[in-house]
Amino acid sequence: MRMDTDRLIRTLAADNGYRAPPVGYALMLALLAAAPVSLLMFFTELGIRPDVMIAMRNPFFDLKFAVTLALAIAAIAVSLHLSRPEASLRGFGWLLVIPAGILTAGIGGEMMMPQRLPMMTRLVGKNSWICMTAIPLLSLPILAAALMGLRHGAPSRPAVAGAVAGMLSAGLAATLYASHCTDDSPLFVATWYTLATALVTAIGALAGSKLLRY
Amino acid sequence: MRERDDEWTGLMRSAISGDSAAYHRLLKAVTPVLRAAARRGLARSGQPVDQSEDIVQDILLAVHLKRHTWDVNAPFAPWLFAIARNKLIDALRRRGRRIFVDIDDFAETLPGEAPAETASASEVAAQLQTLPARQRDVLQSIAVESASIKDTAAKFSMSEGAVRVALHRALTSLTAKLREQ
Numbered sequence: 000m001r002m003d004t005d006r007l008i009r010t011l012a013a014d015n016g017y018r019a020p021p022v023g024y025a026l027m028l029a030l031l032a033a034a035p036v037s038l039l040m041f042f043t044e045l046g047i048r049p050d051v052m053i054a055m056r057n058p059f060f061d062l063k064f065a066v067t068l069a070l071a072i073a074a075i076a077v078s079l080h081l082s083r084p085e086a087s088l089r090g091f092g093w094l095l096v097i098p099a100g101i102l103t104a105g106i107g108g109e110m111m112m113p114q115r116l117p118m119m120t121r122l123v124g125k126n127s128w129i130c131m132t133a134i135p136l137l138s139l140p141i142l143a144a145a146l147m148g149l150r151h152g153a154p155s156r157p158a159v160a161g162a163v164a165g166m167l168s169a170g171l172a173a174t175l176y177a178s179h180c181t182d183d184s185p186l187f188v189a190t191w192y193t194l195a196t197a198l199v200t201a202i203g204a205l206a207g208s209k210l211l212r213y
Numbered sequence: 000m001r002e003r004d005d006e007w008t009g010l011m012r013s014a015i016s017g018d019s020a021a022y023h024r025l026l027k028a029v030t031p032v033l034r035a036a037a038r039r040g041l042a043r044s045g046q047p048v049d050q051s052e053d054i055v056q057d058i059l060l061a062v063h064l065k066r067h068t069w070d071v072n073a074p075f076a077p078w079l080f081a082i083a084r085n086k087l088i089d090a091l092r093r094r095g096r097r098i099f100v101d102i103d104d105f106a107e108t109l110p111g112e113a114p115a116e117t118a119s120a121s122e123v124a125a126q127l128q129t130l131p132a133r134q135r136d137v138l139q140s141i142a143v144e145s146a147s148i149k150d151t152a153a154k155f156s157m158s159e160g161a162v163r164v165a166l167h168r169a170l171t172s173l174t175a176k177l178r179e180q
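For the record, the sequence lines run as chains C and Y. For the record, in the first sequence the residue sitting at position 33 is 32 according to numbering that gives the first Met the number 0, with numbers rising by one throughout. For the record, in the second sequence the residue sitting at position 29 is 28 according to numbering that gives the first Met the number 0, with numbers rising by one throughout.
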């Protein structure tokens with residue numbers, strides 16, 4: 000059969016009735032589908048720390064959630080923005096700086112308070128290895144789902160879009176992990192959470208450059 | 000230029016709210032611009048310009064399947080040209096050449112450029128053969144015989160909904176096959 004451009008156009012016009020859902024909707028469904036998987040992994044392997052009721056009175060425990068949720072929410076907003084073909088990071092990239100800003104403020108706050116433990120001890124913590132493995136592992140189902148959802152979009156830079164999807168999943172996974180981890184120092188968060196997030200971001204960039212092309 | 004862009008944006012808004020005739024007019028209107036840009040891109044990377052029609056069809060399919068990423072409050076032309084540039088770069092890269100794509104390629108129309116008469120069937124046509132029979136029949140009926148959805152449904156004793164689904168699936172899998180080439 001010959002398919003010249005006029006015929007193709009006629010065919011596309013005939014398909015005009017088909018309505019694809021917006022990318023945000025597809026992303027939300029995908030994340031909702033992945034959430035039980037990560038939650039199951041978290042509660043079977045890690046679980047919330049036993050002293051959580053006391054920990055909640057520590058502002059540095061709460062700060063961890065402010066940082067990880069700020070990262071997740073900013074990355075979701077940037078992901079949706081980048082799913083439009085004409086969009087670039089310009090004007091939106093600064094959103095991703097917000098979690099870093101909160102964290103920096105937290106480090107400053109901690110510095111001004113009297114501490115029982117020396118700085119290096121707080122930075123190294125007790126859970127660095129678990130942190131570095133748990134956050135990437137918990138984020139994998141979320142990253143896979145986020146990429147599936149974002150495939151409905153049309154990003155001009157698939158690797159960048161994939162990297163932001165990586166940050167999104169690391170932010171959500173770190174929110175779970177933060178409720179397990181007994182290291183609350185912003186110095187610990189700035190070191191190990193950041194390394195774990197960087198790893199997931201790199202995986203996201205790599206996967207995105209393959210999966211998010213359209 | 001401004002007028003043209005406004006007209007496109009208006010047509011796309013009508014199309015999104017269900018006006019298929021406006022959508023048809025829009026695709027007809029953008030095609031010469033896309034064709035001219037594809038030819039310029041091919042020429043600049045030392046490729047035969049008669050392959051431009053494959054690129055045009057590739058762009059049109061992407062525009063169609065990604066139109067939900069267009070923001071109805073934004074102008075249409077920048078969105079269209081972003082998709083076109085992406086597909087043009089992809090197409091030139093697939094042909095293994097250095098890429099030269101200018102933003103200016105899309106800025107101006109060279110009117111009156113007719114589609115190239117190529118001896119070989121287009122890439123889209125070649126991929127049609129690999130579709131499941133039902134999808135191919137529906138596509139053939141609508142594309143080649145210009146039958147409506149309704150007539151196509153009657154001809155194959157399908158519901159109109161089933162014809163719509165088959166048509167959309169056919170276009171989606173065609174696009175996927177073109178991308179995997």
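All C-beta atoms, glycine included, are put in the ideal place defined by N, C-alpha and C.
The Cβ atoms of Y/Ala81 and C/Ser155 lie closer than 9 Å to each other. In this structure the region 40-51 of chain C does not touch the region 99-118 of chain C; the number of beta carbon pairs closer than 8 Å is below three.
For Y/Gly9, the three-state secondary structure derived from DSSP is helix. Under the Cβ criterion (8 Å, minimum of three pairs), the region 79-97 of chain C does not count as touching the region 191-210 of chain C. Straight through space, the alpha carbons of Y/Gln50 and Y/Arg39 are spaced by roughly 11 Å. The beta carbon of Y/Val62 is closer than 6 Å to those of Ile82 in its chain, skipping five residues each way along the sequence. Excluding the 5 residues flanking it on each side, C/Leu198 has same chain C-beta neighbours closer than 7 Å at Pro135, in chain order. Sequence-distant partners of C/Leu68 (beyond 5 residues in either direction) whose C-beta falls short of 8 Å from its own C-beta, in its chain, are Gly170 and Thr174.
In the DSSP annotation of this structure, the continuous segment of the alpha helix (DSSP H) that includes Y/His63 starts and ends at Ser51 to Leu64. Sorting Y/Glu122, Y/Ser172 and Y/Asp70 by C-alpha distance to the C-alpha of C/Pro20 places Y/Asp70 at the top. Contact with chain C is absent for Y/Leu87, since none of that chain's Cβ atoms lies less than 9 Å from the residue's Cβ. For Y/Leu166, the neighbours in chain C by C-beta distance under 9 Å run, in chain order, Thr10, Ala13, Asp14 and Tyr17. Between Y/Ala73 and Y/Trp7, the CB-CB gap reaches or exceeds 9 Å. Residue C/Gly16 holds the alpha-carbon nearest to the alpha-carbon of Y/Gly160 among C/Met2, C/Gly16 and C/Asp3.
In the structure shown, the three-state DSSP call for C/Pro98 is helix. Taking C/Thr10 as reference, the option from Y/Thr151, Y/Ser13 and Y/Lys176 with the minimal CA-CA separation is Y/Thr151.
Burial check for C/Met166: the Cβ neighbour count within 10 Å reaches 16 or more, so the residue is buried. The Cβ atoms of C/Phe41 and C/Tyr176 lie closer than 9 Å to each other.
Annotation for Y/Lys86: Ile54, Asp57, Ile58 and Ala61 place their beta carbon closer than 7 Å to its own, counting only its chain and skipping 5 residues before and after. Rounded to whole angstroms, the gap between the alpha carbons of Y/Ala124 and Y/Arg178 is 14 Å. If only uninterrupted alpha helix (DSSP H) runs of at least 4 residues are considered, those enclosed by the region 140-206 of chain C are 157-177. Exclusion of the five residues before and after Y/Lys176 leaves Gln126 and Thr129 as the residues of its chain whose Cβ lies within less than 7 Å of its Cβ. The contact set of C/Pro21 on chain Y, defined by CB atoms closer than 9 Å, consists of His67 and Thr68 in chain order.
By the Cβ neighbour-count rule, C/Tyr192 is buried, with 16 or more other Cβ atoms within 10 Å of its own. Counting only the Cα atoms, C/Lys63 lies some 19 Å from C/Met119. Chain order gives the chain Y residues near C/Glu85 as Pro77, Trp78 and Ala81, where near means a beta carbon separation below 7 Å. By the CB criterion at 9 Å, C/Arg83 and Y/Thr68 fall inside the cutoff.
Taking 9 Å as the threshold, the shortest C-beta distance from C/Ser82 to chain Y falls below it. Taking the CA atoms as reference points, C/Thr4 sits about 16 Å from Y/Ala169. Taking the Cα positions, C/Ser87 is about 22 Å away from Y/Met11.
Residue state for Y/Ser121 is assigned as coil, using DSSP reduced to three classes. With a threshold of 16 other beta carbon atoms within 10 Å, C/Ala145 meets it and is buried. Per the C-alpha coordinates, the member of C/His80, C/Ser168, C/Phe59 and C/Cys180 positioned closest to C/Ser127 is C/Cys180.
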